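Residue numbers (our numbering): 4 to 417. Backbone N, C-alpha and C fix where the C-beta goes; we use that ideal spot for every residue, glycine too. Small disclaimer: the values here were computed from a predicted structure and weren't measured. In what follows, a single structure is set out as structure tokens and then discussed.
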Amino acid sequence: MPAGTVIVGTGQAGFQTAASLRAEGYLEPITLIGEEPHIPYQRPPLSKGFLMGKQDTESIELRPGAFYHDHQINLIAGRRIAAIECAERRVRLAAGGRLPYDALVLAVGARNRTLSIPGADLDGVLYLRSLEESIVIKERLAEAKEIVVIGGGFIGLELAAAARSLGKAVTVIEALPRLMPRVVAPVISDFFRELHTSRGVNVLCGCAVSEISGADGRVREVRLSDGAVFPADLVLVGIGVLPNVELAQGARLPIANGIVVDDHLRTADERIYAIGDCADHPNPFAGARVRLESVQNAADQAQCAAAAIAGRSECYSALPWFWTDQFEIKLQMAGLSGGYDNAVMRGDPGSQKISVFYFKDDRLIAIDSINRPADHMFGRKIIASRVRVTPEQVADESVDLKALARQSPSPRGS
Ligand SMILES: Cc1cc2nc3c(=O)[nH]c(=O)nc-3n(C[C@H](O)[C@H](O)[C@H](O)COP(=O)(O)OP(=O)(O)OC[C@H]3O[C@@H](n4cnc5c(N)ncnc54)[C@H](O)[C@@H]3O)c2cc1C
Numbered sequence: 004m005p006a007g008t009v010i011v012g013t014g015q016a017g018f019q020t021a022a023s024l025r026a027e028g029y030l031e032p033i034t035l036i037g038e039e040p041h042i043p044y045q046r047p048p049l050s051k052g053f054l055m056g057k058q059d060t061e062s063i064e065l066r067p068g069a070f071y072h073d074h075q076i077n078l079i080a081g082r083r084i085a086a087i088e089c090a091e092r093r094v095r096l097a098a099g100g101r102l103p104y105d106a107l108v109l110a111v112g113a114r115n116r117t118l119s120i121p122g123a124d125l126d127g128v129l130y131l132r133s134l135e136e137s138i139v140i141k142e143r144l145a146e147a148k149e150i151v152v153i154g155g156g157f158i159g160l161e162l163a164a165a166a167r168s169l170g171k172a173v174t175v176i177e178a179l180p181r182l183m184p185r186v187v188a189p190v191i192s193d194f195f196r197e198l199h200t201s202r203g204v205n206v207l208c209g210c211a212v213s214e215i216s217g218a219d220g221r222v223r224e225v226r227l228s229d230g231a232v233f234p235a236d237l238v239l240v241g242i243g244v245l246p247n248v249e250l251a252q253g254a255r256l257p258i259a260n261g262i263v264v265d266d267h268l269r270t271a272d273e274r275i276y277a278i279g280d281c282a283d284h285p286n287p288f289a290g291a292r293v294r295l296e297s298v299q300n301a302a303d304q305a306q307c308a309a310a311a312i313a314g315r316s317e318c319y320s321a322l323p324w325f326w327t328d329q330f331e332i333k334l335q336m337a338g339l340s341g342g343y344d345n346a347v348m349r350g351d352p353g354s355q356k357i358s359v360f361y362f363k364d365d366r367l368i369a370i371d372s373i374n375r376p377a378d379h380m381f382g383r384k385i386i387a388s389r390v391r392v393t394p395e396q397v398a399d400e401s402v403d404l405k406a407l408a409r410q411s412p413s414p415r416g417s
């Protein structure tokens, strides 16, 4: 009997690999195993609808429990894989026992980067990655009055918006000079700073947190390196993640900014794939190796790895896209804007409906859209198909993006 495919990690990437393998007509055994004690669920609602009480546990499941039985996917929840025994082609469970594989998919994701300042271990300093953590934050938010959010990236700002919408006093502290600095242009950072400020969030950029202090083991205040002090009965930390590379490292697979894979998402061992938040992969839209943290990347890489395991190997070439919801505003991003040399805006900045188009060497590489879903959709088509457009065209509201997206692509490299 063939060993089939073992998928480690029951997040977005792990779930999608199993589902895509069956959609590809793969008939061999599939084992989907993860340390979390739940059936696979979506993470984005944990800082949005679920946290706000608009969605319950069932509504965030990626598929109902019956899906796994119906598709003959052996789902094992609440079990950690301790090691890969490459030579024997099997994985070892931390609780004991081994699972053989013909193909192994590491969809092990990432974990929160933690603070290493005095007071970081006080009760009331919380992080958000898992369903359990979202449940705890929700419970603690109900009692808390003053919240300090450390980190002005997507997770920090979504937490700030949720807490403020629940009527809490909220301060956001970002170390860099502007919000979401690594991924959006200054005009988008400014827009979100204004949005949060207008809703009563106290936004501080360019400030370093030096200490968290408390009483009776519970957090009481957050101190900045310039001496400023902010009272807090809850501190929510969103300062990025670290990829889970230890399993791959133990198997002596190459590690860089994640588990190193080739353009087919294979590690140095051709039977082992790594996908999603943990994978350092060559990305044609970045023109470089990157590690992306998004639902799109996890789901598309899963489909690509599943196709390869099912015998239909192709290079990974999906266009990156991402979204964030803060208050009633949706920001949608397509492409990767890193290294842009020109950015133009479409729409009136005062209207709460704008898009920023990023160009590099006269080529459109990315677009960020605030409450302009059509721009996002056509922008995705234009970037993915490499249609040549000019900054003047996309900035001009009278030019139809849909018509531009229908043009024939320019030859690669031209
Ligand atoms: C609060 C929050 C909000 C987000 N919002 C958005 C959003 O709006 N838009 C967007 O595009 N993306 C968003 N993301 C990011 C997105 O959810 C992730 O990029 C995506 O879920 C990554 O999926 P993954 O399967 O690669 O990793 P993960 O979801 O991290 O799954 C990995 C799984 O592997 C398990 N695991 C690790 N090691 C082992 C082991 N040794 N044995 C067994 N199991 C193991 C982990 O416990 C985990 O369950 C958000 C993330 C969070 C946390």
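Rounded straight-line distance, which links the Cα of residue j to that of residue i
| i | j | result |
| --- | --- | --- |
| G14 | L162 | 21 Å |
| A291 | R92 | 31 Å |
| N286 | A321 | 9 Å |
| D1 | R185 | In this structure the chain extends from 4 to 417, so residue 1 is not present and cannot be described. |
| P32 | A254 | 23 Å |
| L182 | H199 | 11 Å |
| A231 | E224 | 10 Å |
| D399 | R349 | 7 Å |
| P323 | D371 | 12 Å |
| E135 | Q335 | 27 Å |
| T60 | F53 | 8 Å |
| D193 | Q252 | 40 Å |
| R196 | Y361 | 20 Å |
| G342 | F288 | 12 Å |
| I150 | I76 | 42 Å |
| V204 | S168 | 10 Å |
| L426 | G99 | Since the first residue of the chain shown is 4 and the last is 417, residue 426 is not available in this structure. |
Backbone secondary structure at residue i - three-state DSSP
| i | result |
| --- | --- |
| F3 | For residue 3 there is no data in the structure shown, the boundaries of the chain being 4 and 417. |
| Q410 | coil |
| G156 | coil |
| R349 | strand |
| V397 | helix |
| I120 | coil |
| R366 | strand |
| F325 | strand |
| A282 | strand |
| A6 | coil |
| F53 | coil |
| R181 | coil |
| D378 | helix |
| Q335 | strand |
| N300 | helix |
| E317 | coil |
| A164 | helix |
| L125 | coil |
| E146 | helix |
6 Å CB neighbourhood of residue i in its chain, flanking five on each side removed
| i | result |
| --- | --- |
| A16 | A110, I278, G279, A301 and A305 |
| A1 | The chain is shown from 4 up to 417; residue 1 falls before or after that span and cannot be answered. |
| R2 | Residue coverage of the chain in this structure runs from 4 to 417, which leaves residue 2 outside it and unanswerable. |
| Y29 | A313 |
| I43 | One detail in the question is off: residue 43 reads as Pro in this sequence, not Ile. T13, F18 and L65. |
Heavy atom of ligand 1 within 6 Å of residue i beta-carbon
| i | result |
| --- | --- |
| Q329 | no |
| F195 | no |
| D283 | no |
| A16 | yes |
| N115 | no |
| L250 | yes |
| A277 | no |
| V186 | no |
| V392 | no |
| L256 | no |
| I84 | yes |
| V94 | no |
| V3 | No answer is possible for residue 3: the residues shown for the chain start at 4 and end at 417. |
| A164 | no |
| R132 | yes |
| N247 | yes |
| P47 | yes |
| F53 | no |
| G99 | no |
| A147 | no |
Contact with chain C by residue i, beta-carbon distance below 7 Å
| i | result |
| --- | --- |
| E296 | The displayed structure is made up of one protein chain only, and chain C is not part of it. |
8 Å CB neighbourhood of residue i in its chain, flanking five on each side removed
| i | result |
| --- | --- |
| L407 | F381, I385, V390, V392, Q396 and V397 |
| R221 | L125, D126, G127 and D236 |
| A310 | S23, E27, S316 and E317 |
Heavy atom of ligand 2 within 6 Å of residue i beta-carbon
| i | result |
| --- | --- |
| E31 | You won't find ligand 2 in this model; what it holds is ligand 1. |
Same chain, Cβ closer than 7 Å to residue i, neighbours up to 5 away in sequence not counted
| i | result |
| --- | --- |
| D266 | P285, C318 and Y319 |
At 3 residues or longer, what runs of the beta strand (DSSP E) sit wholly inside the region 185-250?
205-208, 212-218, 221-227, 232-234, 237-240 and 244-246
Going along the chain, which unbroken runs of the alpha helix (DSSP H) with 4 or more residues stay wholly within the region 25-94?
Listed in chain order, they are 69-73.
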